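Asks:
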Amino acid sequence: MIGLRPLSFALIASVAAACSLPAYATGNCANGKALYNKTNASNLIACSNSNCHGSGVDKNNILKAQNNPALIDQALDGPPGDPAMSGIRSALALTMSDLDDIALWIFYAPACPVFAPDLRAVPATATFGATTVGSTSSSIPITITNAGSASATAIGFSNSNGTEFVVSGNTCTGASVAVGATCGFSVAFKPSAAGSRGGTLSLAYNSKALLLSTSGTGSPVASPGQLSMSTSIVFDSQPVGTPSAINSVTITNTGGTAVTVSSVNSSNPSEFAVASSTCATVNAGANCSVSLSFKPGAPGSRTGSVSVVSTGTGSPQSISVNGTGTSGSSNPTVTVVEYRNSEFDHYFITPVAAEISLLDAHAPPFQAWSRTGLSFNGYVNATAPATSVAICRFFNSTFAPKSSHFYAPHGLGCEATSGSFPDWKLEDDRLFNSTLPDANGACPAGTVTVYRLYNAGMGGAPNHRYVTMPVVRDQMLASGWILEGNMPGLAFMCSPP
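Numbered by numbering that gives the first Met the number 0, the letters in the sequence shown go through residues 0 to 496 in order.
(1) Rounded C-beta distance between residue 388 and residue 410? I'm assuming under 8 Å.
(2) Under 8 Å: do the segment 128-138 and the segment 147-159 share three or more Cβ pairs, one atom per stretch?
(3) Using the beta-carbon count (16 or more within 10 Å), is residue 98 buried or exposed?
(4) Taking only runs of the beta strand (DSSP E) that begin and end inside the segment 240-298, which ones reach a length of at least 3 residues, in chain order?
(5) Could you tell me which whole beta strand (DSSP E) segments of length 3 or greater appear in the segment 360-407?
(6) What is the rounded straight-line gap between the Cα of residue 292 and the Cα of residue 467?
(7) Taking the alpha-carbon of residue 474 as reference, which of 459, 494, 453, 159 has the nearest alpha-carbon?
(8) Using the three-state DSSP reduction, which class does residue 435 fall into: helix, strand or coil?
(9) Measuring only the C-alpha atoms, how far is residue 36 from residue 118?
(10) Candidates 257, 247, 178, 57: which alpha carbon is nearest residue 305's?
(11) How many Å lie between residue 496 and residue 471 at the Cα?
(12) Residue ranges of each alpha helix (DSSP H) run of no fewer than 4 residues wholly in the segment 413-490, ordered along the chain?
(13) Residue 494 by DSSP, collapsed to three states: which one?
(14) Which one of 465, 286, 431 has the shortest CA to CA distance from residue 352?
(15) In angstroms, rounded to a whole number, what distance separates the CA positions of residue 177 and residue 145?
(16) From residue 136 to residue 172, what does the alpha carbon distance come to, in whole angstroms?
(17) Have a look at residue 186 and residue 193 and give me their C-alpha separation to the nearest angstrom.
(18) To the nearest angstrom, how far is the alpha carbon of residue 211 from that of residue 114?
(19) DSSP three-state call for residue 23: helix, strand or coil?
(20) Restricting to Cα atoms, I'd like to know which of 240, 254, 190, 213 is closest to residue 221.
(21) On a Cα-Cα basis, can you pick out the residue from 62, 169, 199 that is closest to residue 125?
(22) Which of the three DSSP states is assigned to residue 156 in this structure?
(23) Would DSSP call residue 350 helix, strand or coil?
(24) Kindly indicate which three-state DSSP category residue 70 falls into: helix, strand or coil?
(25) Are there 16 or more other CB atoms within 10 angstroms of the CB of residue 457, so buried, or fewer, so exposed?
(26) Between which two residues does the alpha helix (DSSP H) carrying residue 28 extend?
(27) Report all residues from its chain with a CB closer than 6 Å to the CB of residue 100; omit the five preceding and five following residues, and keep chain order.
Here's what the structure looks like:
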């Protein structure tokens, strides 16, 4: 008939067997139920009469009409339909749409199905890891899918803790989501306090609600970096013009974040020198050290300060330094200054003022030489104590383009080098004086141990380095240099303080 939706008997049979809503069942089941049971003054017989098909929809072949409005239409018209039914159509004013509804009710009897949306979230909860208070975590995307049998309409959205669980990209609010379709949003965590934090996201739709819990832990903000150090250093009395032993200051980061030290400077570097510093980036709980020395320029009380500039709280910080200069010694000393050639990676030491001036000027051919910042003392040869010996200096240019110097004390290498190694030319047999260690390599009390290290010919030419600081000695050993000296102390010579 015109306007009827075509239905195949095979398809009807498969749907009835599955007992599920067929894709083609588009009628109004509730209306079909009402029409199936309807009577009026013109027609007192309903399809549900017990002598017809019954209210249970199970008599007189009625099940053949499941989703089969064409069969109902034929039965109403007759023949071959039942003449008793011929007046039902006109009396009840049944339309073709009504026949669709009746056929659908017969399919679902004894109860019409309930069609409703069912929103589901993936993931079902938004759980965040520990996040620093005030910072924002990465977002978690949430996908909302309608797994029900009807559209979800006019979706409402609420967030019980929008300050800490921040929603963005929300396509659900106010939307209608068809069966099988999706909407979504993202959630990020920005804790405002330490500890467990939580909230609830709510999507209201069609008299229902989908609730999603949000949770995370706020981590306390780390305390700022703070350097802790001594505020005052007092040196022992020291003869004028002679440097003291190194005094190290330990600096500790007692804060919660790393501190960057940009500079360590002395207000009086000629008397209170910063010999070295290991302070650069000091992590929380870690420490570094600054080495200072005192070389009074005049008798009496001498003062200064060391400034430590950093990113830590309270920067710049100051260390006061104090010492007393005493009148000159009967055995004056000279400073033996160390230089390094950046092209050869060779070291050279000298107490000679003229050489120091040329090297510091960096004029050719000395442009590659620079101070290392290290030095030690030697006695002036003419007034040196009788217990000291003169140090010889040799030069060798047979390793062109490199050259090298070698230093040895009289009685312990100077004469042997001259007699056995003619390519080493003696430049000075009394460069300065120094005390020698004992047979066990130990220096006398009140003197400073000088270590001699050999590069083992690395780079194609021999070279020796003379240092007083164990940390520098160990650095050279770690880079492949060899320590030379009397066992077990391994001191090469002993310089005056």
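C-beta atoms are modelled at their ideal positions from N, C-alpha and C, and glycine is treated no differently. Being a predicted model, the structure only gives us computed values, none of them experimental.
Replies: Checking against the coordinates, here is how it stands:
(1) 6 Å
(2) no
(3) buried
(4) 246-252, 258-265, 271-276, 286-293
(5) 368-378, 388-398
(6) 13 Å
(7) 453
(8) coil
(9) 36 Å
(10) 247
(11) 18 Å
(12) 413-419, 469-477
(13) strand
(14) 431
(15) 7 Å
(16) 23 Å
(17) 19 Å
(18) 24 Å
(19) Because residue 23 carries a pLDDT of 42, less than 50, the predicted location of this residue cannot be relied on, and the following value inherits that uncertainty. Three-state DSSP puts residue 23 in coil, outside helix and strand.
(20) 254
(21) 199
(22) strand
(23) coil
(24) helix
(25) exposed
(26) 28-35
(27) 26, 27, 30, 31
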